[in-house]
Amino acid sequence: MSLLSFIDKLDDQCIRYVIILLLWADYIWETYLSIRQFGVAKSTVQIPHQLKDVMKNDEYEKARNYSIAKLKFGFVKQFHSIIINTVVIHQGILAEIWRFTEGINPFMDEVSTSCIWLVLLQLMTTLLDLPFTIYYNFVLEEAFGFNKQTAGFFVWDKIKQFLVLQIITTMVASIVIVVVKNGGDFFFIYLWAIVGVLTLVLLTIYPAVIAPLFDKYNRLAEGELKSDIEALAASLKFPLTDLYVVEGSKRSSHSNAYFYGLFKSKRIVLFDTLLAKDDGSGCDNDEILAVLSHELGHWSRNHNIKNLVIGQVNLFLLFTVFGVTFKYPKLYTALGFYRSKPVLVGLFVVLQYVMMPYNTVLSFLMTVLSRKFEFEADDFAVQQNKGVALERSLLKLNKDNSGFPVHDWLYSVWHFSHPPLLQRIEALRESVKKFESKEK
Ligand SMILES: [Zn+2]
Numbered sequence: 001m002s003l004l005s006f007i008d009k010l011d012d013q014c015i016r017y018v019i020i021l022l023l024w025a026d027y028i029w030e031t032y033l034s035i036r037q038f039g040v041a042k043s044t045v046q047i048p049h050q051l052k053d054v055m056k057n058d059e060y061e062k063a064r065n066y067s068i069a070k071l072k073f074g075f076v077k078q079f080h081s082i083i084i085n086t087v088v089i090h091q092g093i094l095a096e097i098w099r100f101t102e103g104i105n106p107f108m109d110e111v112s113t114s115c116i117w118l119v120l121l122q123l124m125t126t127l128l129d130l131p132f133t134i135y136y137n138f139v140l141e142e143a144f145g146f147n148k149q150t151a152g153f154f155v156w157d158k159i160k161q162f163l164v165l166q167i168i169t170t171m172v173a174s175i176v177i178v179v180v181k182n183g184g185d186f187f188f189i190y191l192w193a194i195v196g197v198l199t200l201v202l203l204t205i206y207p208a209v210i211a212p213l214f215d216k217y218n219r220l221a222e223g224e225l226k227s228d229i230e231a232l233a234a235s236l237k238f239p240l241t242d243l244y245v246v247e248g249s250k251r252s253s254h255s256n257a258y259f260y261g262l263f264k265s266k267r268i269v270l271f272d273t274l275l276a277k278d279d280g281s282g283c284d285n286d287e288i289l290a291v292l293s294h295e296l297g298h299w300s301r302n303h304n305i306k307n308l309v310i311g312q313v314n315l316f317l318l319f320t321v322f323g324v325t326f327k328y329p330k331l332y333t334a335l336g337f338y339r340s341k342p343v344l345v346g347l348f349v350v351l352q353y354v355m356m357p358y359n360t361v362l363s364f365l366m367t368v369l370s371r372k373f374e375f376e377a378d379d380f381a382v383q384q385n386k387g388v389a390l391e392r393s394l395l396k397l398n399k400d401n402s403g404f405p406v407h408d409w410l411y412s413v414w415h416f417s418h419p420p421l422l423q424r425i426e427a428l429r430e431s432v433k434k435f436e437s438k439e440k
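If you count the sequence shown from 1, position 422 lands on 422 in full-length UniProt numbering, and the numbers rise without skipping.
Given below as structure tokens:
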């Protein structure tokens, strides 16, 4: 019995309950993991012995309280969102909003109705999330000294985010609908090719055009740090064309660095929070160079390209499944769409719900792969003789970000795209030892 003929036997109500069941299974699993981590954070009152020399008691206590506060926030937010999602699916809210949109749309065609529908949905989501976003930034992060946003910055930032998101999603959605409607039997191949090109275009223009709308990017001032970074890039044949410092400190004081750009034109961006400051936070030049060596390790080992290829293969698979299943009427009636079968709704149901078990497994595997890449990039930094400085910078950044260093194993295996601090330092010390004995 094929999957479709099996689904055929289920009535609309039943499919609706299967979707709700999937949502709750996911919610219960995530909450179970968070409860495990919560227990670890509550009970581990002593600093782990490996960190006794590098973390002070009050720093550890702050990190512990910060992680407990974030977990508690997560419990409330996740509960809120599972309730909203359950109501939306159970009551057929998406279809209600679709009918409302059809009523106010003078053009009546599917592309314009879909665009207005999307904007309305995103408006609702933004408003429903707003109290949580405000609480997170202005109460939680504020209490631990991480929030740097003023109310004015926050409001303007949110409005800009909303507008930019609308422009991008309505543009992509319109293209998708037109291709699905006019692409014939093999529309999913065209869809994949076009979305692949769009992804590349967005990746290219995002840092140059979109990100500067939100944060200020300044060229790194001439000086020792700049010439050191240029020398490092040159020694690795990294095609560095520009060096920026982004004023991340207006947003929050969590720190980072990254590079971007296609082919022979790459730019490195340092968060200003990474740079040494008067209050003792931030890293010295050696440590910044070590952090960059790690980033260049990602480049040297082609991690970005590997991720992009996996992303494209995955997209092809998802669109193929969509191409095979999207005409099936019960995907629509399950959500309350009885008269029309909008392309976007089919896409949403297939990608979000039909593929949910697959998505969960894939996202777990990608997390595992990402940790492997992090170890590789660390090892690359060690090979540039930056291992010791990298360890110092990791400890410093962890301290500046109040990272809590103790984790439930299952929670961290499932969630962490970066290896936990202690594991990372252990591996780092191991490869430094190997590197030094090789050098001798
Ligand atoms: Zn990394």
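The beta-carbon is built from N, C-alpha and C at its ideal position, and this holds for glycine as well.
- For Arg36, the enclosing alpha helix (DSSP H) covers residues 12-43.
- CA-to-CA, the gap between Val45 and Phe416 works out to about 22 Å.
- In this structure, Leu240 and Lys264 do not form a Cβ contact; the two beta carbons are roughly 10 Å apart against a cut-off of 8 Å.
- DSSP, reduced to helix, strand and coil, places Thr150 outside both helices and strands of the structure shown, so it counts as coil.
- Under the three-state reduction of DSSP output, Tyr338 falls in the coil class, being neither helix nor strand.
- Close CB contacts of Leu220 within its chain, under the 8 Å cut and outside five residues either way in sequence, are with Lys226, Ile229, Leu243, Tyr244, Val245, Leu270 (chain order).
- Counted as a single uninterrupted DSSP element, the alpha helix (DSSP H) harbouring Phe188 occupies residues 187-205.
- In the three-state scheme derived from DSSP, where H, G and I count as helix and E and B as strand, Ala257 is classed as strand.
- With a cutoff of 8 Å, Phe271 does not count as near ligand 1, since its C-beta is closer than that to no heavy atom of the ligand.
- In the DSSP annotation of this structure, the continuous segment of the beta strand (DSSP E) that includes Phe271 starts and ends at 266-271.
- Short of 6 Å from the beta carbon of Leu275, and not among the five residues preceding or following it, lie these beta carbons of its own chain, in chain order: Gly282.
- DSSP links Asp286 through a beta bridge to no other residue.
- For Glu96, same chain residues with a beta-carbon under 8 Å away, outside a window of 5 residues either side, are Gly336 in chain order.
- Residue list for ligand 1: His294, His298, Glu374, Ala377 (CB closer than 6 Å to any heavy atom, chain order).
- DSSP places Tyr217 in the uninterrupted beta strand (DSSP E) bounded by 217-219.
- By the CB criterion at 9 Å, Leu191 and Val201 fall outside the cutoff.
- Rounded to whole angstroms, the gap between the alpha carbons of Tyr258 and Ile15 is 44 Å.
- When secondary structure is reduced to three states using DSSP, Leu243 falls in the strand class.
- The region 338-357 makes contact with the region 14-31; the number of CB pairs closer than 8 Å reaches 3 or more.
- Pairing Thr133 with Lys158 gives a Cβ-Cβ distance under 9 Å.
- For Arg64, the enclosing alpha helix (DSSP H) has its first and last residue at 57-90.
- Leaving aside the five residues that flank Gly261 on each side, the residues in its chain whose CB is nearer than 6 Å to its CB run, in chain order, Arg267.
- Of all C-beta pairs linking the region 71-81 to the region 410-424, fewer than three are shorter than 8 Å, placing the two stretches out of contact.
- Distances from the alpha-carbon of Gln149 to those of Phe214, Val321, Leu390 put Phe214 closest.
- The criterion of a C-beta distance shorter than 9 Å is not satisfied by Val350 and Val313.
- Considered as a whole, the region 98-146 harbours no complete run of any beta strand (DSSP E) with no fewer than 3 residues.
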